[in-house]
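2 protein chains.
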Amino acid sequence: MKNAVILLSGGLDSTTCLAYAKSYGFNCHALSFNYGQKSIAELNAAKKIAAYFDASHKIFDLDIQQFKHSALTDEDIAVPDFRENNSSIPATYVPARNTIFLSIALAYAEVLDAKDIFIGVSAVDYSGYPDCRPEYIAAFQAMATLATKMGVEEGGIRIHTPLIHLSKAETIQLGHKLGVDYAMTVTCYQATADGYACGKCDSCMLRKKGFAQAAVNDVTNYR
Amino acid sequence: MKNAVILLSGGLDSTTCLAYAKSYGFNCHALSFNYGQKSIAELNAAKKIAAYFDASHKIFDLDIQQFKHSALTDEDIAVPDFRENNSSIPATYVPARNTIFLSIALAYAEVLDAKDIFIGVSAVDYSGYPDCRPEYIAAFQAMATLATKMGVEEGGIRIHTPLIHLSKAETIQLGHKLGVDYAMTVTCYQATADGYACGKCDSCMLRKKGFAQAAVNDVTNYR
Numbered sequence: 005m006k007n008a009v010i011l012l013s014g015g016l017d018s019t020t021c022l023a024y025a026k027s028y029g030f031n032c033h034a035l036s037f038n039y040g041q042k043s044i045a046e047l048n049a050a051k052k053i054a055a056y057f058d059a060s061h062k063i064f065d066l067d068i069q070q071f072k073h074s075a076l077t078d079e080d081i082a083v084p085d086f087r088e089n090n091s092s093i094p095a096t097y098v099p100a101r102n103t104i105f106l107s108i109a110l111a112y113a114e115v116l117d118a119k120d121i122f123i124g125v126s127a128v129d130y131s132g133y134p135d136c137r138p139e140y141i142a143a144f145q146a147m148a149t150l151a152t153k154m155g156v157e158e159g160g161i162r163i164h165t166p167l168i169h170l171s172k173a174e175t176i177q178l179g180h181k182l183g184v185d186y187a188m189t190v191t192c193y194q195a196t197a198d199g200y201a202c203g204k205c206d207s208c209m210l211r212k213k214g215f216a217q218a219a220v221n222d223v224t225n226y227r
Numbered sequence: 005m006k007n008a009v010i011l012l013s014g015g016l017d018s019t020t021c022l023a024y025a026k027s028y029g030f031n032c033h034a035l036s037f038n039y040g041q042k043s044i045a046e047l048n049a050a051k052k053i054a055a056y057f058d059a060s061h062k063i064f065d066l067d068i069q070q071f072k073h074s075a076l077t078d079e080d081i082a083v084p085d086f087r088e089n090n091s092s093i094p095a096t097y098v099p100a101r102n103t104i105f106l107s108i109a110l111a112y113a114e115v116l117d118a119k120d121i122f123i124g125v126s127a128v129d130y131s132g133y134p135d136c137r138p139e140y141i142a143a144f145q146a147m148a149t150l151a152t153k154m155g156v157e158e159g160g161i162r163i164h165t166p167l168i169h170l171s172k173a174e175t176i177q178l179g180h181k182l183g184v185d186y187a188m189t190v191t192c193y194q195a196t197a198d199g200y201a202c203g204k205c206d207s208c209m210l211r212k213k214g215f216a217q218a219a220v221n222d223v224t225n226y227r
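Chain order of the listed sequences is A and B.
5 is the number of the first residue of the first sequence in this note's numbering; add one for each residue after it.
5 is the number of the first residue of the second sequence in this note's numbering; add one for each residue after it.
Structure below.
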């Protein structure tokens with residue numbers, strides 16, 4: 005079995021991504037980050053989800069708080085309500101977040117001799133984030149191959165993004181087929197520690213809409 | 005004055021790099037990493053050097069230790085002695101190190117609205133490291149520009165590598181011209197906390213040879 009590193013936030017997308025990697029027979033090593041996100045519910049969920057999918061799990065501490073810039077990590081900035089026309093880059097943007105996450109995943113991959121890294125980004129529902137686009141992922145993959153002993157000597161690193169062209173609804177349909185129990189996952193930026201969602205923030209609205217469009221029963225725990 | 009982020013280990017190369025950025029009029033923000041390197045002497049040196057060059061200084065904690073793989077961070081692996089023909093990738097290699105460092109520098113740069121990042125890598129003396137080569141740096145720069153709001157909206161990130169084509173001797177000559185006091189810098193992998201070098205490891209040997217070839221007085225504190 006080939007090793008793979010899966011970035012696992014404990015949310016809907018990354019959990020679907022883990023189920024996907026598992027379905028392709030990878031020996032999955034889940035990696036989460038404790039970066040000062042307001043909600044600890046995600047990390048609690050990630051632990052349970054990794055165990056459920058028989059994946060190893062590491063939580064990497066990362067003090068991005070010291071580079072305060074975002075509503076996700078800065079207590080002084082409120083989480084914005086849902087805006088229908090989300091054309092500009094959202095206020096919940098964390099600087100260089102996926103780049104940092106993927107870089108640390110790359111180090112972990114090299115230690116595991118894993119040439120495959122999975123990340124659950126989607127360019128469809130979150131087109132405002134520069135680091136969720138296919139051209140960004142392709143550039144990261146090219147860089148990662150040049151960056152590492154393993155990439156240079158053994159012919160390349162693969163960054164897998166199975167959700168990149170899927171809408172939220174399509175992701176839910178995919179996960180549903182793969183047997184994901186979405187009640188385990190937490191998407192809400194303001195979830196309680198035990199995983200109850202606000203039902204009002206950007207992420208909750210996109211998630212609700214996704215279940216409706218997918219015609220899959222929404223098992224999310226709303227408070 | 006334009007802001008720039010300078011990766012500063014406290015060694016000879018990164019200190020020369022900081023002096024170089026300073027000479028071009030950048031408002032310098034030095035960034036160091038506490039990643040479990042055996043020698044704390046480097047970080048102690050970095051603090052003094054940043055103050056000397058009137059740069060702000062941040063130390064970012066990074067628990068790469070949990071991905072044990074390298075003689076630099078693993079107590080069970082001895083630091084190798086100097087080998088003259090250093091064609092393969094050295095045992096002191098830390099997985100994805102420059103990629104992680106540059107990614108966090110990128111986040112910091114975005115917060116500072118800095119489009120310039122300086123890193124003191126050289127492809128000449130350390131050609132064994134994949135992440136010290138010009139093609140790697142070019143790939144990182146391309147990725148970084150696509151990764152960030154600032155890169156996308158304001159036209160690119162620049163990764164400056166003023167030492168990339170310089171030998172150790174040429175770096176020392178450059179720093180000497182820029183007024184660097186190399187007694188402040190620590191290169192040795194096994195230096196004492198107050199900065200005394202072993203004089204025997206790979207890094208010490210390259211440094212000694214560099215001063216000799218540069219015909220600059222070696223002011224290093226050897227124990």
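Every residue, glycine too, gets a C-beta built ideally from N, C-alpha and C.
{"Check": "Contact with chain A by Arg227/B, beta-carbon distance below 9 Å", "Outcome": "no"}
{"Check": "Residues, ordered as in the chain, of the stretch 112 to 126 of chain A that lie near chain B by beta-carbon distance below 9 Å", "Outcome": "Tyr112, Ala113, Glu114, Val115, Leu116"}
{"Check": "CA-to-CA distance, Asp222/B to Gly124/B, given in whole angstroms", "Outcome": "20 Å"}
{"Check": "Exposure label - Ala54/B; buried when at least 16 CB within 10 Å", "Outcome": "buried"}
{"Check": "Near-chain B residues of the stretch 59 to 72 of chain A - C-beta to any C-beta below 9 Å", "Outcome": "Lys62, Phe64, Asp65, Leu66, Asp67, Ile68, Gln70, Phe71, Lys72"}
{"Check": "Burial state of Lys6/A, where buried means 16 or more other Cβ atoms lie within 10 Å", "Outcome": "exposed"}
{"Check": "Start-end ranges of the beta strand (DSSP E) lying completely within the stretch 21 to 58 of chain B, minimum 3 residues", "Outcome": "31 to 38"}
{"Check": "Sequence-distant residues of its chain with Cβ nearer than 7 Å to Asp17/A (five each side left out)", "Outcome": "Gly124, Ser126, Leu167, Thr175"}
{"Check": "Integer-rounded CB distance, given that Phe105/B should sit under 8 Å from Asp12/B", "Outcome": "At residue 12/B the sequence reads Leu, which differs from the Asp that was named. Rounded, the Cβ-Cβ distance is 10 Å, inconsistent with contact."}
{"Check": "Within chain A, partners of Ile104/B - CB distance below 7 Å", "Outcome": "Ser107, Ile108, Ala111"}
{"Check": "Local Cβ density within 10 Å of Asn89/A, reported as buried at 16 or more and exposed below that", "Outcome": "Any reading at Asn89/A must be qualified, since the residue scores a pLDDT of 45, below 50, and its modelled position is unreliable; the value itself is stated next. Looking at its Cβ environment, which holds fewer than 16 other Cβ atoms inside 10 Å, Asn89/A is exposed."}
{"Check": "Alpha helix (DSSP H) segment containing Lys212/B, residue limits", "Outcome": "206 to 218"}
{"Check": "Secondary structure of Thr163/B, DSSP reduced to three states", "Outcome": "The sequence given here has Ile at residue 163/B, not Thr. Reduced to three states, the DSSP call for Ile163/B is strand."}
{"Check": "Local conformation of Ile121/B per DSSP, three classes", "Outcome": "strand"}
{"Check": "Where the alpha helix (DSSP H) containing Lys172/A begins and where it ends", "Outcome": "172 to 181"}
{"Check": "Neighbour list for Asp135/B in chain A, Cβ cutoff strictly below 7 Å", "Outcome": "Ala151"}
{"Check": "Beta-bridge partners of Leu11/A, as assigned by DSSP", "Outcome": "Leu35/A"}
{"Check": "Other residues of its chain near Gln177/B: CB distance less than 6 Å, five sequence neighbours each side excluded", "Outcome": "Ala218"}
{"Check": "Interface flag, Met174/A vs chain B, CB-CB below 9 Å", "Outcome": "At residue 174/A the sequence reads Glu, which differs from the Met that was named. No, Glu174/A does not count as interfacial toward chain B."}
{"Check": "Residue-level contact to chain A via CB, Asn221/B, 9 Å cutoff", "Outcome": "no"}
{"Check": "Of the residues Gly159/B, Leu116/B, Tyr133/B, the one placed nearest Ala151/A, counting alpha carbons only", "Outcome": "Tyr133/B"}
{"Check": "Test item: CB-CB of Ile163/B and Ile121/B under 9 Å", "Outcome": "yes"}
{"Check": "Proximity test, Cβ basis, 9 Å: Met147/B and chain A", "Outcome": "yes"}
{"Check": "6 Å Cβ shell around Met154/A - same chain, five flanking residues per side excluded", "Outcome": "Glu114"}
{"Check": "Anticipated Cβ contact below 8 Å, Tyr112/B with Leu35/B, distance rounded", "Outcome": "6 Å"}
{"Check": "Ser2/A, buried or exposed, once every other Cβ within 10 Å from all chains shown has been counted against 16", "Outcome": "Given a span of 5 to 227 for chain A in the structure shown, any question on residue 2/A remains unanswerable."}
{"Check": "Proximal residues of chain A, C-beta to C-beta of Tyr140/B below 8 Å", "Outcome": "Met147, Leu150, Ala151"}
{"Check": "Of the listed residues Phe57/A, Tyr140/A, Asp65/A, nearest to Cys21/A (C-alpha basis)", "Outcome": "Phe57/A"}
{"Check": "The stretch 152 to 171 of chain B: positions lying closer than 9 Å to chain A by Cβ", "Outcome": "Thr152, Lys153, Met154, Gly155, Val156, Glu157"}
{"Check": "Cα-Cα separation between Ala148/A and His169/B, rounded to whole angstroms", "Outcome": "22 Å"}
{"Check": "Tyr112/B - DSSP class collapsed to helix/strand/coil", "Outcome": "helix"}
{"Check": "Short CB-CB distance (under 9 Å) between Val128/B and chain A", "Outcome": "no"}
{"Check": "Reduced DSSP category for Ala142/B - H, G, I as helix; E, B as strand; rest coil", "Outcome": "helix"}
{"Check": "Alpha carbon of Val9/A to alpha carbon of Gly159/B, nearest angstrom", "Outcome": "32 Å"}
{"Check": "Pick from Asn225/A, Leu66/A, Ala146/A that is closest to Tyr186/A, judged by C-alpha positions", "Outcome": "Asn225/A"}
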